[in-house]
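Notes to accompany the following structure.
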Amino acid sequence: MKQFDLKESEVLVVNTGERFYCLEARCTHAGAPLAEGDLDGDILTCPWHYSQFRVSDGSVVRGPANNPLNIYDITVRDGQLFIELK
2 MKQFDLKESE VLVVNTGERF YCLEARCTHA GAPLAEGDLD GDILTCPWHY SQFRVSDGSV
62 VRGPANNPLN IYDITVRDGQ LFIELK
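Residue numbers for the sequence shown follow the numbering used here, beginning at 2 and rising by one.
Right, here's the structure in full:
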(Lines of atoms letter the chains of each structure in order from A; the text may use other names.)
(Lines give C-alpha, C1' and ligand atoms only; values in the text may rest on other atoms or scores of the structure.)
Protein backbone atom coordinates (compact mmCIF):
# COMPACT_ATOMS: atom_id res chain seq x y z
CA MET A 2 0.00 0.00 0.00
CA LYS A 3 1.17 3.48 -0.74
CA GLN A 4 -0.36 6.90 -0.13
CA PHE A 5 -0.19 9.66 -2.75
CA ASP A 6 -1.18 13.33 -2.61
CA LEU A 7 -3.00 14.16 -5.85
CA LYS A 8 -4.38 17.64 -6.42
CA GLU A 9 -6.47 18.20 -3.29
CA SER A 10 -6.94 14.50 -2.48
CA GLU A 11 -4.95 11.98 -0.49
CA VAL A 12 -5.39 8.55 -2.04
CA LEU A 13 -4.24 5.08 -1.13
CA VAL A 14 -3.19 2.63 -3.83
CA VAL A 15 -3.57 -1.00 -2.81
CA ASN A 16 -2.31 -4.07 -4.66
CA THR A 17 -4.11 -7.23 -3.54
CA GLY A 18 -1.92 -9.40 -5.75
CA GLU A 19 -4.81 -9.78 -8.16
CA ARG A 20 -5.38 -6.13 -9.05
CA PHE A 21 -4.88 -2.53 -7.98
CA TYR A 22 -7.44 -0.44 -6.12
CA CYS A 23 -7.47 3.25 -5.23
CA LEU A 24 -9.33 4.58 -2.18
CA GLU A 25 -9.42 7.65 -0.01
CA ALA A 26 -6.38 7.54 2.25
CA ARG A 27 -7.97 8.42 5.60
CA CYS A 28 -10.38 6.42 7.73
CA THR A 29 -13.91 7.82 7.70
CA HIS A 30 -14.18 7.30 11.47
CA ALA A 31 -11.34 9.42 12.90
CA GLY A 32 -9.07 10.30 9.98
CA ALA A 33 -6.35 7.71 10.61
CA PRO A 34 -3.81 7.22 7.80
CA LEU A 35 -4.87 3.93 6.24
CA ALA A 36 -1.42 3.44 4.68
CA GLU A 37 -0.34 2.47 8.21
CA GLY A 38 -3.09 -0.14 8.45
CA ASP A 39 -3.08 -3.83 7.60
CA LEU A 40 -4.28 -5.50 4.41
CA ASP A 41 -5.54 -9.09 4.56
CA GLY A 42 -6.78 -10.20 1.15
CA ASP A 43 -9.19 -7.44 0.17
CA ILE A 44 -9.89 -6.23 3.74
CA LEU A 45 -8.10 -3.10 4.95
CA THR A 46 -7.93 -2.55 8.72
CA CYS A 47 -7.52 0.94 10.19
CA PRO A 48 -4.48 1.27 12.48
CA TRP A 49 -6.25 3.34 15.15
CA HIS A 50 -9.64 1.82 15.99
CA TYR A 51 -9.61 -1.26 13.73
CA SER A 52 -12.47 -0.36 11.42
CA GLN A 53 -12.37 -2.61 8.38
CA PHE A 54 -13.10 -1.74 4.76
CA ARG A 55 -13.41 -3.83 1.60
CA VAL A 56 -10.91 -2.35 -0.90
CA SER A 57 -12.93 -3.41 -3.95
CA ASP A 58 -15.84 -1.09 -3.15
CA GLY A 59 -14.88 0.88 -0.01
CA SER A 60 -17.69 -0.64 2.06
CA VAL A 61 -17.48 -0.89 5.84
CA VAL A 62 -16.97 -4.48 6.96
CA ARG A 63 -16.60 -3.68 10.68
CA GLY A 64 -16.97 -0.43 12.65
CA PRO A 65 -16.66 1.85 14.46
CA ALA A 66 -16.63 3.56 11.03
CA ASN A 67 -20.12 4.01 9.56
CA ASN A 68 -19.30 5.63 6.24
CA PRO A 69 -17.64 3.84 3.31
CA LEU A 70 -14.39 5.00 1.75
CA ASN A 71 -14.50 6.86 -1.55
CA ILE A 72 -13.05 4.76 -4.34
CA TYR A 73 -11.41 5.99 -7.54
CA ASP A 74 -10.95 4.41 -10.94
CA ILE A 75 -7.43 3.08 -11.45
CA THR A 76 -5.97 1.49 -14.56
CA VAL A 77 -2.59 0.07 -15.48
CA ARG A 78 -1.20 0.98 -18.91
CA ASP A 79 2.32 0.22 -20.05
CA GLY A 80 3.37 -0.49 -16.47
CA GLN A 81 2.07 2.86 -15.16
CA LEU A 82 -0.88 3.53 -12.86
CA PHE A 83 -3.50 6.08 -13.88
CA ILE A 84 -6.00 7.36 -11.32
CA GLU A 85 -9.17 9.25 -12.17
CA LEU A 86 -10.31 11.56 -9.38
CA LYS A 87 -14.04 12.24 -9.38
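We put the beta carbon where it would ideally sit given N, CA and C, even for glycine.
Small disclaimer: the values here were computed from a predicted structure and weren't measured.
- For residue 9, there is no enclosing beta strand (DSSP E), as DSSP marks it with neither H nor E.
- With the rule of 3 Cβ pairs closer than 8 Å, the region 40-53 does not count as touching the region 73-83.
- For residue 71, the CB contacts under 6 Å within the same chain, skipping 5 residues up- and downstream, are 25 in chain order.
- Cβ contact annotation for residue 31 (same chain, cutoff 7 Å, sequence separation greater than five): 49, 50, in chain order.
- Excluding its 5 nearest sequence neighbours in each direction, residue 44 has C-beta neighbours in its own chain below 8 Å: 53, 54, 55, 56, 62, listed in chain order.
- Nearest to residue 14 by alpha-carbon distance, out of 67, 60, 35, is 35.
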